[in-house]
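Novice:
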Amino acid sequence: MYAREFHYDYNSLQLEGGVRNAFMWNWIERRDGNGDTIGTWCKKINVAGQAYCVFCNSLLKYGGEGFKAFTNHSKTVTHIKYSKCIRHSMTLSNYANSKNTDDLLETDARPLVIVTRKARQELLITSFIAENSLSFNVAPNLIELCKQLRRDQTALNLLEMSKTTACYKMKYGLAKTIKENIIKTLKETPFSLNLDESTSNAQESILAILVQFYDNNQNEVVVHHFASLKMESCNSEAVFKAVVNTIEDNNIPWANSISVLMDSCNTMRGKKRVLKPDYGQTKHPTY
Numbered sequence: 217m218y219a220r221e222f223h224y225d226y227n228s229l230q231l232e233g234g235v236r237n238a239f240m241w242n243w244i245e246r247r248d249g250n251g252d253t254i255g256t257w258c259k260k261i262n263v264a265g266q267a268y269c270v271f272c273n274s275l276l277k278y279g280g281e282g283f284k285a286f287t288n289h290s291k292t293v294t295h296i297k298y299s300k301c302i303r304h305s306m307t308l309s310n311y312a313n314s315k316n317t318d319d320l321l322e323t324d325a326r327p328l329v330i331v332t333r334k335a336r337q338e339l340l341i342t343s344f345i346a347e348n349s350l351s352f353n354v355a356p357n358l359i360e361l362c363k364q365l366r367r368d369q370t371a372l373n374l375l376e377m378s379k380t381t382a383c384y385k386m387k388y389g390l391a392k393t394i395k396e397n398i399i400k401t402l403k404e405t406p407f408s409l410n411l412d413e414s415t416s417n418a419q420e421s422i423l424a425i426l427v428q429f430y431d432n433n434q435n436e437v438v439v440h441h442f443a444s445l446k447m448e449s450c451n452s453e454a455v456f457k458a459v460v461n462t463i464e465d466n467n468i469p470w471a472n473s474i475s476v477l478m479d480s481c482n483t484m485r486g487k488k489r490v491l492k493p494d495y496g497q498t499k500h501p502t503y
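Numbering (my numbering), first residue to last: 217 to 503.
What follows is the structure, given as structure tokens:
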């Protein structure tokens, strides 16, 4: 965010003694080239000779041209674009019925500013969802993510990540840490195995292994992805060996396994040889 915002009760001359065209508060009541009052989008900040456009999210320097700088800025393509979008968004009924607006506003010029700032952020969210072909279900979580990132503004301003970096951090950072935590939990907690065989977009047979256990931190039963194994053959024997090797390679005691959930397809149940008896007779202590 830019520098701190000032309001009507502040004497701008204290800040702009050396500015040729000092900021005048009556400017915000005048209209720009689009017919909007300057106060709908302009905010004075604590930097001499500069103001802030809430439509474009940019700084505006007026020290040299004075009020003309505001009218020139209002005629730029970017400002006109955002001005039209926000003006159309203002007709939505939910803005008129906002319960929080009156509590946040102090002057007649400010209600419109807060509403338009909120509208602009909503436009950015919906545009991002559309441009990246995301589900609209992610909108609430995306907004919450933005709020979490904003808590550390300094780090957020320095944040950069390419798709290659994101992939690397996901595989060798986040995924690795999560799996290590799951393995540690399975060594100490009873769990259930959930097995399912499916076909990938590349027409490869994939065996998905999920684990279900009671999480003491969340105080509820949770389901986590444990492994996805590429299978050359998904018959009973191959699936059995793959599951056993995965569990034993991670030194997880079979005594903690209390059940196995599988579907009833031929791969899991088997036409000639069934996976369930193999597992029950050799590994599961309760069969």
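Yeah, the Cβ is synthetic: ideal placement off N, Cα and C, and Gly gets one too.
(1) Tell me which same chain residues have a C-beta within less than 6 Å of the C-beta of residue 339, skipping the five on either side of it?
(2) Taking Cβ to Cβ, would you say residue 439 is nearer than 9 Å to residue 397?
(3) So which of 350, 466 and 333 has the shortest CA-CA distance to residue 404?
(4) Does residue 407 come out as helix, strand or coil in the three-state DSSP assignment?
(5) Looking at the structure shown, is residue 247 part of a helix, part of a strand, or coil, going by DSSP?
(6) Do residue 239 and residue 336 have their C-beta atoms closer together than 9 Å?
(7) Which class does residue 449 belong to by DSSP, given the choice of helix, strand or coil?
(8) If you compare alpha carbons, which of 237, 250, 448 and 257 is closest to residue 420?
(9) Let me know the secondary structure DSSP gives residue 387 once reduced to three states.
(10) What distance in whole Å lies between the Cβ atoms of residue 425 and residue 443, which are believed to be in contact at a cut-off of 8 Å?
(11) DSSP puts residue 464 in a beta bridge; with which residues?
(12) Helix, strand or coil for residue 235, going by three-state DSSP, please let me know.
(13) Report yes if the CB atom of residue 265 is closer than 9 Å to the CB atom of residue 284, and no otherwise.
(14) Roughly how many angstroms lie between the CA atoms of residue 235 and residue 280, to the nearest whole one?
(15) In whole angstroms, give me the CA-to-CA distance for residue 365 and residue 385.
(16) Rounded to whole angstroms, what is the Cα-Cα separation between residue 478 and residue 331?
(17) Would you mind reading off the limits of the beta strand (DSSP E) that contains residue 422?
Specialist: Reading it off the structure:
(1) Only residues of its own chain outside the window of five on either side were considered, and among them 301 have a CB closer than 6 Å to the CB of residue 339, listed in chain order.
(2) no
(3) 466
(4) Here residue 407 sits in strand by DSSP.
(5) strand
(6) For residue 239 and residue 336, no; Cβs fall outside 9 Å.
(7) In this structure, residue 449 counts as coil in the three-state DSSP scheme.
(8) 448
(9) helix
(10) Between residue 443 and residue 425 the beta-carbon gap is near 5 Å, inside 8 Å, which marks them as a contact.
(11) According to DSSP, which records beta bridges pairwise, residue 464 is partnered with nothing at all.
(12) coil
(13) no
(14) 8 Å
(15) In a straight line, the C-alpha of residue 365 is about 17 Å away from that of residue 385.
(16) 53 Å
(17) 421-431
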